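One structure is given below, encoded as structure tokens.
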Amino acid sequence: MAAMDQPAVDLREPAGWRRSKNRIATSLMVLAFVFVLIPLGFVLFTVIAKGASAISWSFLTGGPIPPNVVPIGIGGMWPAIYGTLVITGLAAVIAVPLGVLGAIYVNEYGGRGALAQVVRFMSDVMTGVPSIVMGLFIFSIWVLHFGYSGLAGAFALACLMLPVVIRSSEEMLKLVPDPLREASYALGATKSRVTLTVVLPAAIGGIVSGALLAIARAAGETAPLLFTILTVTATNANVFKGANTALSTQIFTNATQPYLGAQARAWGAALTLIAIAFILMIVARLVTARFTRYSR
Amino acid sequence: MSTAAQADPAAPAGSASPLAHRRPLGDRVFQILAAAAGVLVLVILALIAISTSQQASSWFSTEGWKIFTVDWNPATNSFGAMSFVYGTVITAAIAIILSVPVSVAVALLLTEVVPQRWARPIVYVVDLLAVVPSVVWGLWGILVFAPWLFHIYTSIASGVKGIPVLDALFGQPVSGASFFTCGIILAFMITPIVTSLSREVFATVPAIDKEGAYALGATRLEMIRGAVWPHSQGGVVGAVLLGLGRAMGETIAAALVIGSSPVITSHLFAAGYDMPAVIANQFGEASGEFRAALIGLGVMLFVITIVINLIARGVVERSARRKRGA
Amino acid sequence: MDSPEQNIVASAQLPKPAALQDTPQDAFATSTGTSIFDAKGISIYYGSFRAVTDVSLTIYENEITAFIGPSGCGKTTVLRTLNRLNDLIPEARVEGEVHYRGANLYGSGVSPIAVRRRIGMVFQKPNPFPKSIYDNVAYGPRINGIRNKGKLDEIVERSLRQAALWDEVKNRLNKSGLSLSGGQAQRLCIARTLAVEPDVVLMDEPASALDPIATGKIEDLMHEIKSQYTIVIVTHNMQQATRVSDRTAFYSVLVNPDSDTRTGTLVEYGSTQQIFEDPQDPRTQAYVTGRMG
Chain A
5 MAAMDQPAVD
15 LREPAGWRRS
25 KNRIATSLMV
35 LAFVFVLIPL
45 GFVLFTVIAK
55 GASAISWSFL
65 TGGPIPPNVV
75 PIGIGGMWPA
85 IYGTLVITGL
95 AAVIAVPLGV
105 LGAIYVNEYG
115 GRGALAQVVR
125 FMSDVMTGVP
135 SIVMGLFIFS
145 IWVLHFGYSG
155 LAGAFALACL
165 MLPVVIRSSE
175 EMLKLVPDPL
185 REASYALGAT
195 KSRVTLTVVL
205 PAAIGGIVSG
215 ALLAIARAAG
225 ETAPLLFTIL
235 TVTATNANVF
245 KGANTALSTQ
255 IFTNATQPYL
265 GAQARAWGAA
275 LTLIAIAFIL
285 MIVARLVTAR
295 FTRYSR
Chain B
266 MSTAAQADPA
276 APAGSASPLA
286 HRRPLGDRVF
296 QILAAAAGVL
306 VLVILALIAI
316 STSQQASSWF
326 STEGWKIFTV
336 DWNPATNSFG
346 AMSFVYGTVI
356 TAAIAIILSV
366 PVSVAVALLL
376 TEVVPQRWAR
386 PIVYVVDLLA
396 VVPSVVWGLW
406 GILVFAPWLF
416 HIYTSIASGV
426 KGIPVLDALF
436 GQPVSGASFF
446 TCGIILAFMI
456 TPIVTSLSRE
466 VFATVPAIDK
476 EGAYALGATR
486 LEMIRGAVWP
496 HSQGGVVGAV
506 LLGLGRAMGE
516 TIAAALVIGS
526 SPVITSHLFA
536 AGYDMPAVIA
546 NQFGEASGEF
556 RAALIGLGVM
566 LFVITIVINL
576 IARGVVERSA
586 RRKRGA
Chain C
183 MDSPEQNIVA
193 SAQLPKPAAL
203 QDTPQDAFAT
213 STGTSIFDAK
223 GISIYYGSFR
233 AVTDVSLTIY
243 ENEITAFIGP
253 SGCGKTTVLR
263 TLNRLNDLIP
273 EARVEGEVHY
283 RGANLYGSGV
293 SPIAVRRRIG
303 MVFQKPNPFP
313 KSIYDNVAYG
323 PRINGIRNKG
333 KLDEIVERSL
343 RQAALWDEVK
353 NRLNKSGLSL
363 SGGQAQRLCI
373 ARTLAVEPDV
383 VLMDEPASAL
393 DPIATGKIED
403 LMHEIKSQYT
413 IVIVTHNMQQ
423 ATRVSDRTAF
433 YSVLVNPDSD
443 TRTGTLVEYG
453 STQQIFEDPQ
463 DPRTQAYVTG
473 RMG
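Chains as they are written, first to last, in our numbering: chain A, 5 to 300; chain B, 266 to 591; chain C, 183 to 475.
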């Protein structure tokens, strides 16, 4: 290249079309994000606006759920709220310990063995099984023999949650550094002791947070419950026997009703359900934030 | 992974310390429990397959090959499934076409464009889409979104009247509840997953490859095409397939907005039906062969989603292996 | 051991290791005397941490300039400042002035993309794109708008020849770039850099991940192309610096006792012969005679 001494070098932007293509691409990416915001905002806004007018103290604590033709203000959603909390809670009690144990097997005991690989792979595959299939499964294997109950619904939700809890817990266990385990072994601890007293506490923040997110997802599920709890309108305190109800199934049955009272109840229930899921999500984030400070 | 091998030196001489040669019972029990929990996954999957197929067996045996017809009429005891398969495929296709460009673009935005500090809040917002339960999407869909879309559908339908291909696709809206509405709502629902999986894929591109592209004087778009995309192709395909599986299995939102009409038609704005939706809507009144047919549809759905999942993981594995090995 | 002052006096009597007696045969043979880079009082910060302080030097056209020094003394940081690659790190900041052919490299209105088109870089670890060999080399010309297949073929062949790789890959241009050995992959990266016909080629320890034979090929390559390009190379290997470079800049570390941080700085800069045979600064002497670093 010819020798130059004076500032004749052009260091400005490259040819216009390259810069424009780059700018257009960036704008498209931002536009995509806006496309995500719009429906989200739309839904949340509608649910909050229509739901808020339906919600009142008596709505949240009253019952039973009145027939569709009845306008809003009479009765309440408590049976459904109770059902959602209890059935989801029961599902969590079943799925979370089993899921964490499964993750412990895959990460701590299984190593590179074939069985652990298969379990890990199949857990991934199981996360993709549609929730309706879980409902049909529990219907076939439990409801046909023991009838509808909140317990059956809990089983169905637990089947949904199990692979999710296994995978997220496994990720958390993987993050626990090996030197921590080795120090414990060096003191003469057995593997189960190492796992329970050193590894699990180190990962507990992430595991709890992952479990909370799985619970939030389960609380909103409808399809598995349709085949297992058979929506009723009064509170059924006995979760092990007899049909039950939940917020999600109530919304489903009310959504197609032409009566404004039923629709208003559906919006109120929807707002309540989203609030529950949202609270669980926030608690999950708080747990992550608080515990990662200690475990890194 | 083993325990102390020698006898406890603090124990009195001659005492048989339980730590001497064998692993303590509690340790072994724990291991068995953990393994059982892991194997439970395999057991459940097998049981799902067996129990549902068994319940559906009367449908398979009675209908035989007629399963693959369009004729679905409980009153006349005919249970051909094709209109539902069609609906499942069409709505999932619409969902993928609408969602994938948006999801991949947002994932790129998060990994390449946005400074680290802003990435977290944006991820929270995208994840909020996933917090909305399916039934709430359906409620909003049928009561608010579908009526609004109906106006748009009628305008489009009258606009394309007479134009050969377009009026076969976009004519005849009956109400807002249709294949297309279902497809749009499914797109909203699968976007968080496809975005999050794509983000994970893009994040594994080594920084040194990106620097190599920038060092050649590339703009950000050129760097993405040169360094990020070749690394990520397999992973993104896997993410899309997983989104597809999720869209196909989505039940309640579909049940509420798809229109509940078992037909095969090219008109995307027409009311239709899909596998999970008909199961949800009609199970309550079904018995005997009707019920067996619905459970049979569930079996088909199970098989389809498992196959898609296996293909998705296979694609991801193969591209990861190619990158490592080559 | 002797104190540093005594050693300066005694340096003429120190036996020189045989390798240090080789100076490049064509030293300054291609130099035109034009200044390419002019750095005045450069300090580089990552956030509030000062990584490099007070670097001033001039790089001349068609010469090979080596940056040497112990680890962590800022050589690579300064190198990356020359093609504005540090811009990719959000908290990185440059104070002082860097001029490229008279123009302020960090002036307003200067596009880093235009800068990097003229000032290319080869990295320590070969980083071919997961594309074919052909597409790797063609990437640069393509993004600069060259689409014509014939022209691209020509550029790919020329660049691969310059990088001494053509004969080895000419029959498998559509094989993946990832299938090459380390040495070949690095020459591919060099070919890729040369394909856009830059003005300057920066090299960040290009041979440190390679075996001696591959290293030799890269050094030969540098001699071949220096009549057309200006080269700045960061290297840990002093023998390499004496084999290839015309000028050498020696960097070292200043330890800040209060905060226990280390800041890099330029200690001495001169012709390679002078730096290795007659270093002026005691730190330089300690390094090149192998007593530190």
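Glycine included, C-beta positions come from ideal geometry on N, C-alpha and C.
Remember, it's a predicted structure, so these values are computed and weren't measured experimentally.
With H, G and I counted as helix, E and B as strand and the rest as coil, what does DSSP make of residue i?
i, result
"Gly579/B", "helix"
"Leu222/C", "Position check: residue 222/C holds Lys in this sequence, whereas Leu was assumed. Three-state DSSP puts Lys222/C in a strand."
"His532/B", "coil"
"Ser552/B", "coil"
"Asn338/B", "strand"
"Leu48/A", "helix"
"Lys233/A", "What sits at residue 233/A in the sequence shown is Ile, not Lys. Three-state result, Ile233/A: coil."
"Val425/B", "coil"
"Asn546/B", "helix"
"Gly272/A", "helix"
"Ala56/A", "helix"
"Ile415/C", "strand"
"Met81/A", "coil"
"Asp204/C", "Because Asp204/C sits at a pLDDT of 49, beneath the cut-off of 50, its placement in the model cannot be relied upon, and the following sentence gives the value as read from the coordinates. If DSSP states are grouped into helix, strand and coil, Asp204/C belongs with coil."
"Val276/C", "strand"
"Phe435/B", "coil"
"Val382/C", "strand"
"Phe143/A", "helix"
"Gly563/B", "helix"
"Gly500/B", "helix"
"Ala558/B", "helix"
For residue i, report the span of its alpha helix (DSSP H) as first-last.
i, result
"Phe444/B", "Phe444 to Ala468"
"Glu175/A", "Gly154 to Leu179"
"Gly398/C", "Pro394 to Ile407"
"Ser326/B", "Leu290 to Glu328"
"Ile517/B", "Ile517 to Val522"
"Ala384/B", "Gln381 to Val396"
"Ile295/C", "Pro294 to Arg300"
"Ile246/C", "No alpha helix (DSSP H) contains Ile246/C, which is instead part of the beta strand (DSSP E) from Ile246 to Ile250."
Leaving out the 5 sequence neighbours to the left and right, which residues in its chain are closer than 8 angstroms to residue i when beta-carbon positions are compared?
i, result
"Asn72/A", "Asn258, Gln261, Tyr263, Gly265 and Ala266"
"Ala346/C", "Arg369, Lys399, Asp402, Leu403 and Glu406"
"Val378/C", "Arg299, Gly302, Gly322, Pro323 and Asn326"
"Met130/A", "Leu166 and Pro167"
Which residue comes first and which comes last in the beta strand (DSSP E) that contains residue i?
i, result
"Tyr433/C", "Arg429 to Asn438"
"Asp539/B", "Run containing Asp539/B: none; DSSP gives neither H nor E here."
"Glu450/C", "Thr443 to Ser453"
"Thr240/C", "Phe231 to Tyr242"
"Gly322/C", "It is not in any beta strand (DSSP E) - Gly322/C instead sits in the alpha helix (DSSP H) that spans Ile315 to Ile325."
Enumerate in chain order the residues of its own chain whose CB-to-CB distance from residue i is below 7 angstroms, with the five nearest sequence positions on each side excluded.
i, result
"Val466/B", "Ser497, Gly500, Val501 and Ala504"
"Glu450/C", "Phe432, Ile457, Pro461, Gln462, Asp463 and Thr466"
"Gln320/B", "Ala557 and Ile560"
"Gly563/B", "Thr317 and Ile544"
"Ile162/A", "Note on residue identity: the sequence assigns Ala, not Ile, to residue 162/A. Excluding residues within five positions, the ones whose Cβ falls inside 7 angstroms are Ala95, Ile98 and Ala99."
Which bits of chain E does residue i rub up against, with CB to CB less than 8 angstroms?
i, result
"Glu582/B", "Among the chains of the structure shown, chain E does not appear; the protein chains present are A, B and C."
Once the 5 residues before and after residue i are set aside, which same chain residues still bring their CB inside 6 angstroms of it?
i, result
"Ala452/B", "Ala360, Leu363 and Ser364"
"Thr237/A", "Pro68 and Ile69"
For this session: Could you list the residues in the segment 268–281 of chain A with a C-beta less than 8 angstroms from some C-beta on chain B, going in chain order?
Result: Ala270, Trp271, Ala274, Leu277, Ile278 and Ala281
For this session: For the segment 16–33 of chain A, enumerate the residues whose C-beta is nearer than 8 angstroms to any C-beta of chain B, in chain order.
Result: Pro18, Arg22, Arg23, Lys25, Asn26, Ala29, Thr30, Leu32 and Met33
Exercise. Using Cβ-Cβ distances below 7 angstroms, what residues of the segment 184–207 of chain A are close to chain B?
Worked result: Gly192, Thr194, Lys195 and Ser196
Problem set entry | Contacting positions in the segment 481–496 of chain B - beta carbon closer than 7 angstroms to chain C | Leu481, Gly482, Ala483, Thr484, Glu487, Gly491, Ala492, Pro495 and His496
For this session: Return the residues of the segment 372–395 of chain C that lie within a Cβ-Cβ distance of less than 9 angstroms from chain B, sorted by chain order.
Result: Arg374, Thr375, Ala377, Val378, Pro380 and Leu384
Exercise. What residues in the segment 115–127 of chain A have a beta carbon less than 8 angstroms from any beta carbon of chain B?
Worked result: Leu119, Ala120, Val122, Val123, Phe125, Met126 and Ser127
For this session: Taking a Cβ distance cut-off of 9 angstroms, strictly less, list which residues of the segment 454–479 of chain B are near chain C, in chain order.
Result: Pro471, Ala472, Ile473, Asp474, Lys475, Glu476, Gly477, Ala478 and Tyr479
Exercise. What residues in the segment 45–75 of chain A bring their beta carbon closer than 7 angstroms to a beta carbon of chain B?
Worked result: Within the segment 45–75 of chain A, the residues whose Cβ lies closer than 7 angstroms to any Cβ of chain B are, in chain order, Val47, Thr50 and Val51.
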